[in-house]
Amino acid sequence: MESTTSNYHFQSKIFLVDFHFQIPDTNIEEHWMKILNDINVRLGDIKSIEEALSIFQRNFSSELSDKNSLPILTRGCLYGYLTDESDDAKYFYLLKILAEKEEISWTHLCVSMNQLILDHFYLLNVPTRIKLFSLINRLVNENVMIVTKTIVNIFHAICGKDNKREKDNFKTCNELCVLLLHLKQSDFCNSSKNKDICFLYTTSLVILSRILMEYAKAENSEIAMKSSIAEFIVFILTEKTNELPVMGRELFLVFKTLSKINDINVIIGKLLQTDLLKEAKNIASLDDIAFKPSYISSSTRVVPMHLSKKISFVCSLIPPGINVAPMRHMNIFYENYISGPQATSLAGEVVRHVMYSRDLLVYGQNKPSNIVTHDKRVSFICMLMNMFIKNNSDFSYLVQRLVWDICFYNENFESEFYCSDKQAAPEHFKLLSIPCKVILFYLNTAQTPQISLIFDVIFQICDSYKGNSVNCYNSFGHYLKVLKKHSFIKEPLDILEHGKITSTIKEKFKKYLPEFYPNKVNVSKPTNLMMNDNSIGPRFIPPSKFTQKGDVNNSLNKIPIKTSNLLTNYNNTNNDATKESKKELFNKIKNNMKSNMAENGKNTKDDDSVNEGRKALLSYDKDNEKNKMTKNIKVEKNAVDDVICKLPSELQQLFINMTENIDINLEDSGNQMLSILTYLTENFDDIGENLPSLLCDAISMTFDNFFKQESFIPEKIDKNRLKEFFMHPFFVLPRMINTLETNDESRNLLLTLLSLLVKKVSQIGFLVLFFLNEEEGNENINDMKSTLYKDLWKILDINTFEDQLGSDLKLCNTCDHVLFFKCLQYAFKKYQTEYLSSVSLMKLMFYSLDPNQLTNLLEIIVDDDDIAIFTKSSFPNILLDSVSWPDYAQRNLWDLIDSQDIHFDWYAPCMHKLDIEKSPILRRKLYILFAYHPSPLQQMIKNIFLRSTNDKLPSMYLKITIGSDEAGEKLLSHLGQLLVKSLEKGEIYDNNENGKIRKISLELIYSHLNTFITQFYKSNSEDAVIQDFFNDKVIKKHFQCIKTQPNCFKLRQKYQKLLSTIDMFLNIKGSPKSNRRRRVRNNSTNETEKVKPKRRRIDIDSESSDSD
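The numbering of the sequence shown is the numbering used here, which starts it at -15 and goes up by one.
Dropping the structure here:
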């Protein structure tokens, strides 16, 4: 079998091996081929099948009597049947002999077939698939009923996405349906004689329903109904109706999928009205089917084995405690296995597979080590669904697949998650909590529209059920009770009464789930204002201040949300800082905050979100503070109080006031934070060494909810609300540091406090970047004076600056991708020298940003002429590293390269090292590059010819270049000099060290010329361009001289054919220079139009300076 390694010396007969496909890593075919060769050798020359049978019985008598040898002989005969087109009957008769000797041989045969199908069916070539169907047909005729599971496995293997073999797979699916329709009258399709046929019908119905739906969507329903797939589905629905009830709730999900095809929807309607209940036994109503458990195996077989392994691999990369899969791997998984026309429907099946599959294992060293935990499954599902939200795809379809079962659970559904394996049982049972945990994830992180959509899908499933829809609502309620019973949630009302759920949804829950609302009275509860419906995200805090109950209404009406001018006024005072004392400066800032607050109260009107916040505050009832949520808040407050008690008495009351006001009034809490930091800076000579660490503990615990939130800003946010976000008391600290002079001792003290906070709360690193982006992100690079981030890094002193910046950006990408783009654009602009010189930082950018974000980044920096995209020194390293990047990241890189005028010589240092075989994108881009850059340097030519022997790139470069005008002349000149200098220096033969070529040699140049001639020159044709190339004055002289050089004897022997071909070119009289093929660029004969217009590109290597 031919492989990518040199260990195989035979062509694969069953696997498709070409540019797109690689054979399996396992040596399965080599093993089977050795068995077959041994069988054929011992059979010898035979003239008939009867002779073969007699020889087989005589020569293999020992193996036939040994049960351990039977599986081996079976595999050899199976391989012979699949690969020998003329004598397949012989091998089938040999299989029959084995079966007659030991009936279990049929089992051995089906096991070998299943191994081949489950692991490698997507690689089998078309003839092998046809032979496999032929063998299945023969086995059915021999009444080998166990082949039923083999057919199921074929359906299982072709149900995923495979763009490279989409037509082959659809044809295979059709042919398999034709085979089954042909057998429908045989004993094979009789459930009394074939116990597995029911499983075949139900599993194939689940798989084929999705395939047919997508086919109808791509073509139209009329064409889809003419396919064998549709005919087989109709056969199951109409003639095998009595087999359908065993599918339970899964049957109604299949009906939901097929209902989009009108002709089949008519059949489904008839089934639901009469036929289903009429044909089924012991079924009194539709509820008896809909609330019946489905086979887990049928719902998880919608994902092929190789895709399931990829899912396990991605889940294994989720680090403990973080529960976020690396975006790079998720993007690769999405692009390679999900994206495309069938993305939504296939992703829906992936969601169900991840939810319920008991075979989803994390693979250790070539063997399964343990089951993928439920929390990693939740993370995987959430990240997959988020990709569909970002791509504006049908998010509701995935939600439907997620919540379908919880609308059709019966009272004993817990038993569905019991497992006989005691070791795996606890983890298997936790799988029942996955839908709820995904819903909770979106309740805590998403915006109201997505949350409303989730519950709208639940209502739609319940209301569209043709039976008693009340039972669906009761199922959902019972599911919540079970979750509470097993401590997956504290109270069902945590979901039903969540702050982000709209009042319409809450009223519907009260209507259908009254048991959770025993008094049926809407009791006012403390509303979590940070999760209000009208808020823009979890940071929304209405700044209302009141001290007496009687003044509540007046206070709320007077104090609206309005961002303070603290930011601008505070910075304006910086110019006068040298004239005023720090105390006067801070007092002035306080007064500015108060005056701004008063002015805003007079001149602005409240937002809707503020009015909503007021209503919540006015309905606050202290008698309800005894619930569990309040208890948890009290515990947290007690922990904060313990830390505050350790502070000096002057700071304790300030902290208490700030803690009390932070959820009510941001201006006041900011004032208190300013007073705390003022105390620290004014008394830094008198304070103890422990005070900064005590302050760090107090601040980190007080602002813990702010630091640990799932998302900091929504995708769309206006300027006022962004300023509102920066009014949080935490930002008083970086704002003060940014205002003080760099030589101020109090600034160093505040930096020390900030560094302690960074070590305690890692999110602060990227929050500082975000703050700086807001402060000076819109300025030109020369006007960005802040040194805050670099000064902070110097105090931390734990990594290089590039490592620290990369660490903060990676964490930001994990926590908040929207915020990540803002931080990255600031870092890229502010720290040009460090960013552009770091391959890891550039890699992070291309891995994490989509093309739209890259375009936005270019738009942001295009107006500043001092900003570069690449540098000459780092560009080759980025290009070398990109070879191992996924396709989407490489495309991002080349989109940015194409937007710049990169000099051709920038590629030269890495040209001899680029592994073009690993990256088709790189190979294609280099070919385009060769065609459109007419002036190669000698170093570029030298490095291209330094590539290893038989490499494709040099010959392609010659082919592309020699036919052009300017590039062809340069190539002749530089290559001629290389040949002359190599001969003069005596560099005749390769001088390799550990396989790496150190210098150019004649042998290496000749090897590339030989490849070029072999590949592109036909001996019976005349190619004027090639002839003209070798008739160049310098090159011609070299090849004439080489004939008489005694130290080139071995070289002449090795490349005798090449030299004779060149001699033929040199002996052609009147080389037709005038007929040389000329490439005219841009389809123009005008010389001024041949020059490609230059695009913007800045090389900062020679004049770069420190960003700070």
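For every residue, glycine included, the Cβ atom is placed at its ideal position computed from N, Cα and C. Fair warning: this is a prediction, and the values are worked out from it, not measured in the lab.
Exercise. With residue 247 and residue 209 assumed to form a contact (beta carbons below 8 Å), what rounded beta-carbon distance in angstroms separates them?
Worked result: For the purposes of this step, residue 247 is taken as the residue at position 263 of the sequence shown. For the purposes of this step, residue 209 is taken as the residue at position 225 of the sequence shown. Right, their Cβ atoms sit about 5 Å apart.
Exercise. Under 7 Å, do residue 757 and residue 794 count as touching if we go by C-beta distance?
Worked result: What you label residue 757 is simply residue 773 of the sequence shown in a count that begins at 1. What you label residue 794 is simply residue 810 of the sequence shown in a count that begins at 1. No, the pair does not count as a contact, with Cβ atoms beyond the cut-off.
Exercise. Roughly how many angstroms lie between the CA atoms of residue 699 and residue 449, to the nearest whole one?
Worked result: Numbered from 1 along the sequence shown, position 715 holds the residue referred to as residue 699. Numbered from 1 along the sequence shown, position 465 holds the residue referred to as residue 449. Approximately 36 Å between the Cα atoms of the pair.
For this session: Reducing DSSP to helix, strand and coil, say where residue 345 ends up.
Result: Your numbering for residue 345 matches position 361 in the sequence shown. In this structure, residue 345 counts as strand in the three-state DSSP scheme.
Exercise. For the stretch 781 to 794 against the stretch 676 to 686, are there 3 or more C-beta pairs whose distance is under 8 Å?
Worked result: no
Exercise. To the nearest angstrom, how far is it from the Cα of residue 21 to the Cα of residue 72?
Worked result: Mapped onto the sequence shown, residue 21 falls at position 37. Mapped onto the sequence shown, residue 72 falls at position 88. When rounded, the distance between both Cα atoms is 15 Å.
Exercise. Below 8 Å, can you find three or more Cβ-Cβ pairs linking the stretch 1028 to 1043 to the stretch 984 to 997?
Worked result: yes
Problem set entry | Close-in-space but distant-in-sequence residues of the same chain around residue -2 (CB under 7 Å, 5 per side omitted) | Indexing the sequence shown from 1 puts residue -2 at position 14. Cβ neighbours of residue -2 beyond the five flanking positions: 13, 66, 67, 108, 109, 112.
Problem set entry | For residue 630, the nearest candidate out of 679, 953, 133 (CA to CA) | Here residue 630 is taken as the residue at index 646 of the sequence shown, counted from 1. Residue 630 has its Cα closest to that of 679, out of 679, 953, 133.
Exercise. Which residues in the same chain as residue 1036 place their Cβ atom closer than 8 Å to its Cβ, once the five residues preceding and following it in sequence are excluded?
Worked result: Locating residue 1036 in the sequence shown gives position 1052, counting from the first residue. Closer than 8 Å at Cβ, skipping near neighbours: 1026, 1027, 1043.
Problem set entry | Three-state class that DSSP yields for residue 330 in the structure shown | One-based indexing of the sequence shown puts residue 330 at position 346. In the structure shown, residue 330 sits in a helix (DSSP, three-state: H, G or I).
For this session: Let me know the secondary structure DSSP gives residue 1093 once reduced to three states.
Result: There is no way to answer for residue 1093, as the model of the chain reaches only from -15 to 1092.
Exercise. What residue does the alpha helix (DSSP H) around residue 895 start on, and which one ends it?
Worked result: Taking the first residue of the sequence shown as position 1, residue 895 is located at position 911. Note, residue 895: premise wrong, no alpha helix (DSSP H); not H, not E.
Exercise. Which partner residues does residue -1 have in the DSSP bridge list?
Worked result: For the purposes of this step, residue -1 is taken as residue 15 along the sequence shown, with counting starting at 1. Beta-bridge pairing links residue -1 to 108.
Problem set entry | DSSP-derived helix/strand/coil call for residue 934 | Translated into the one-based positions of the sequence shown, residue 934 becomes position 950. Coil.
For this session: Would you mind stating whether residue 639 and residue 628 have Cβ atoms separated by less than 7 Å?
Result: Taking the first residue of the sequence shown as position 1, residue 639 is located at position 655. Taking the first residue of the sequence shown as position 1, residue 628 is located at position 644. The answer is yes: Cβ separation under 7 Å.
Problem set entry | Same chain only: Cβ atoms within 6 Å of residue 933, ignoring 5 sequence neighbours per side | As a working mapping, residue 933 is identified with position 949 in the sequence shown. Closer than 6 Å at Cβ, skipping near neighbours: 991.
Problem set entry | Which listed residue (741, 242, 728) has its alpha carbon closest to that of residue 1093 | Residue 1093 is absent from the structure shown; the chain starts at -15 and stops at 1092.
Exercise. For residue 343, is the beta carbon positioned less than 6 Å from some heavy atom of the ligand SAM?
Worked result: With respect to the ligand SAM, the structure offers nothing, as it holds no ligand at all.
For this session: Answer yes if the stretch 261 to 268 comes into contact with the stretch 204 to 222, meaning at least three C-beta pairs across the two stretches below 8 Å, and no otherwise.
Result: no
Exercise. If we call anything under 7 Å between Cβ atoms a contact, is residue 186 one with residue 129?
Worked result: As a position in the sequence shown, residue 186 is number 202, starting the count at 1. As a position in the sequence shown, residue 129 is number 145, starting the count at 1. No, Cβ-Cβ distance for residue 186 and residue 129 is not below 7 Å.
Exercise. Going by the CB atoms, is the gap between residue 724 and residue 754 shorter than 7 Å?
Worked result: The sequence position of residue 754 within the sequence shown is 770, counting from 1. The sequence position of residue 724 within the sequence shown is 740, counting from 1. No, these two residues do not count as a Cβ contact at 7 Å.
Exercise. Which ranges does the alpha helix (DSSP H) cover as unbroken runs of at least 4 residues, wholly within the stretch 438 to 473, from first to last along the chain?
Worked result: 453 to 469
Problem set entry | Nonlocal neighbours in the same chain, by C-beta distance under 7 Å from residue 121, ignoring five residues either side | Walking along the sequence shown from the start, residue 121 turns up at place 137. Cβ within range, chain order: 163.
Exercise. In its own chain, which residues sit with a C-beta less than 8 Å from the C-beta of residue 938, not counting the 5 before and 5 after it?
Worked result: Looking up residue 938 in the sequence shown gives position 954. Once the five neighbours on either side are set aside, the close Cβ partners of residue 938 are 928, 929, 931, 992, 995, 996.
For this session: Could you pull out every residue in the same chain whose Cβ sits closer than 7 Å to the Cβ of residue 131, ignoring the five residues on either side in sequence?
Result: Start at 1 with the first residue of the sequence shown, and residue 131 comes out as number 147. For residue 131, where only same-chain residues beyond five positions count, the Cβ hits under 7 Å are 94, 120, 123, 124.
Problem set entry | Euclidean distance between Cα positions of residue 957 and residue 967 | In the sequence shown, the residue the question calls residue 957 occupies position 973. In the sequence shown, the residue the question calls residue 967 occupies position 983. Cα-Cα distance, rounded: 16 Å.
For this session: Given a cut-off of 7 Å, decide if residue 286 and residue 61 are closer than it, judged by their beta-carbon atoms.
Result: Taking the first residue of the sequence shown as position 1, residue 61 is located at position 77. Taking the first residue of the sequence shown as position 1, residue 286 is located at position 302. Not closer than 7 Å, so no.
Exercise. To the nearest angstrom, how far is it from the Cα of residue 908 to the Cα of residue 455?
Worked result: Along the sequence shown, one-based indexing puts residue 908 at 924. Along the sequence shown, one-based indexing puts residue 455 at 471. Taking the straight line joining both Cα atoms gives about 59 Å.
Exercise. What does a CB cutoff of less than 7 Å around residue 126 pick up in its chain, not counting 5 residues either side in sequence?
Worked result: By one-based count along the sequence shown, residue 126 stands at place 142. So no residue of the chain qualifies.
For this session: Could you check the C-alpha separation between residue 1166 and residue 866 for me, to the nearest Å?
Result: The first residue shown for the chain is -15 and the last is 1092, placing residue 1166 beyond what the model contains.
For this session: Keeping to the same chain, check which residues put their C-beta closer than 8 Å to that of residue 193; ignore five residues upstream and five downstream.
Result: Numbered from 1 along the sequence shown, position 209 holds the residue referred to as residue 193. Cβ neighbours of residue 193 beyond the five flanking positions: 217, 238, 241, 242.
Exercise. Between the Cα of residue 483 and the Cα atoms of 428, 815, 843, 76, which residue gives the shortest distance?
Worked result: What you label residue 483 is simply residue 499 of the sequence shown in a count that begins at 1. It is 428.
For this session: Kindly indicate the opening and closing residues of the alpha helix (DSSP H) around residue 25.
Result: Here residue 25 is taken as the residue at index 41 of the sequence shown, counted from 1. Looking at the DSSP string, the run of the alpha helix (DSSP H) that includes residue 25 is 12 to 27.
Exercise. If we ignore side chains and look at the alpha-carbon of each, how far apart do residue 733 and residue 665 end up?
Worked result: Here residue 733 is taken as the residue at index 749 of the sequence shown, counted from 1. Here residue 665 is taken as the residue at index 681 of the sequence shown, counted from 1. Rounded to the nearest angstrom, the two C-alpha atoms are 7 Å apart.
For this session: Might you give, ordered along the chain, the residues of its own chain that have their beta carbon closer than 6 Å to the beta carbon of residue 278, omitting 5 neighbours on each side?
Result: Within the sequence shown, residue 278 is the residue found at index 294, counting from 1. These residues qualify, in order along the chain: 231, 232, 233, 234.
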